[in-house]
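*Asks:* In the numbering used here, the protein residues as written are 5 to 144.
For glycine and all other residues, C-beta sits at the position ideal for the given N, C-alpha and C.
(1) Would you kindly work out how many angstroms separate the C-alpha atoms of residue 46 and residue 83, rounded to a whole number?
(2) Can you check whether the CB of residue 65 is closer than 9 Å to the CB of residue 51?
(3) Which residue wins for smallest C-alpha separation from residue 44, given the options 15, 131 and 86?
(4) Per DSSP, residue 10 is paired with what?
(5) Answer with buried or exposed for residue 9, where buried requires no fewer than 16 other C-beta atoms within 10 angstroms of its C-beta.
(6) Flag this pair as yes or no: are the beta carbons of residue 23 and residue 40 separated by less than 9 Å?
(7) Alpha carbon to alpha carbon, what distance is there between residue 136 and residue 130?
(8) To which residues does DSSP link residue 92 through a beta bridge?
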C-alpha cells in the first residue's frame, strides 16, 4: 500500500511552501533538524509552527504540535481546517507518532501534505493514523 494517496494540488504545494518557510524559525541548537508545519483554514488563513528543542530533549515540541497549539491559542475554529503541510529540512517523511495522534484528534479528515519517496504527496490525517486513540475511546 503506497503511503501517499494523491498528487498535490497547487494549493497543497503553496501550503507546503509555507511549512518550508516556517523551518527558518526553528530553535534547534542540538540537532539542527529543522521542521516546519502549516495549517490552512477554510477562510484561507494559515497558521505555522516550527520545532523547538530544549537541553532536556524530551521537552522539545514538534512543529506540527506547535502549529496546533498556536491555532487554538489564537482562537481559530479547528473544525474548519482544510489542510496541513509538514516540511523537514534535508529529509522527508510524515509526522512522528505523537504528532499524528494530536493531528487526528483535531483534524481527522483534513488533507496532509509531506514528502516521501522524493515527491510531495497528500493523504488524509486519518489515513496516516487509521487506528487512532480517539476521545470516544475514553467512554469504554
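*Replies:* Checking against the coordinates, here is how it stands:
(1) 9 Å
(2) no
(3) Distance check between residue 44 and each of 15, 131 and 86 places 86 closest, using alpha-carbon atoms only.
(4) 126
(5) exposed
(6) yes
(7) 8 Å
(8) 39
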